[in-house]
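Asker:
In UniProt numbering, the protein residues as written are 1 to 123.
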C-alpha cells in the first residue's frame with residue numbers, strides 16, 4: 001500500500017513524504033493509546049485513518065481491503081506490545097509477509113524492524 005505510493009513518488013519529495021509519514025504514525029499512535037483498553041481499539045478507525053491519509057496526502061484510493069488488513073495487523077501487534085508478549089511480538093514482526101523499505105528510505109533510519117521492536121520493548 002505505502003510502498004506503491006512511495007515508489008511512484010505520490011507523497012511528494014522525500015522530505016515532504018517523511019513529514020507526512022511521521023504525521024500518519026502520530027495519528028495511528030493516538031488512536032491506539034487513546035483506547036481505554038486493548039479490547040476497545042477499533043481497527044476500523046485505524047483503517048479509515050490509513051485510507052483517508054492515502055487518499056488526501058498521496059492521492060491513492062484503494063478498491064481492495066488493504067487498509068483493513070493493515071489496520072488489523074497494527075492492532076494485533078499493538079496488543080502483543082502492551083500485554084507485553086515480547087517473544088510473540090518479535091515472532092509476529094519477523095513473520096510479516098510484506099516488507100518495505102519505508103523506515104530506512106523515507107525516515108532515514110537504517111534499522112531492521114526487529115531492532116526497532118527491541119528498542120521499544122527495553123524501554
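The beta-carbon is built from N, C-alpha and C at its ideal position, and this holds for glycine as well.
All values reported here derive from a predicted model rather than from experimental measurement.
(1) At the level of alpha carbons, what is the spacing between residue 31 and residue 48?
(2) Can the beta-carbon of residue 50 be found less than 8 angstroms from the beta-carbon of residue 35?
(3) If we ignore side chains and look at the alpha-carbon of each, how far apart do residue 74 and residue 82 end up?
(4) Who are the near neighbours of residue 45 in its chain, counting only those whose CB is closer than 6 angstroms to its CB and skipping five residues on each side?
(5) Suppose you measure from the CA of residue 53 to the CA of residue 33; what does that come to, to the nearest Å?
(6) Quick check: the Cα distance between residue 109 and residue 37, rounded to an integer number of angstroms?
(7) According to DSSP, is residue 61 part of a helix, a strand, or is it coil?
(8) Give a single yes or no on whether residue 38 has its beta carbon closer than 7 angstroms to a heavy atom of the ligand HEM.
(9) Which of the three DSSP states, helix, strand or coil, is assigned to residue 34?
Answerer: Working from what's here:
(1) 11 angstroms
(2) no
(3) 12 angstroms
(4) 31
(5) 19 angstroms
(6) For residue 109, the pLDDT reaches just 49, beneath the cut-off of 50, and the residue's location in the model is therefore unreliable, although a value from the coordinates is still provided. Their backbone Cα atoms lie some 31 angstroms apart in a straight line.
(7) coil
(8) The model on display carries no ligand, and the ligand HEM is accordingly not part of it.
(9) coil
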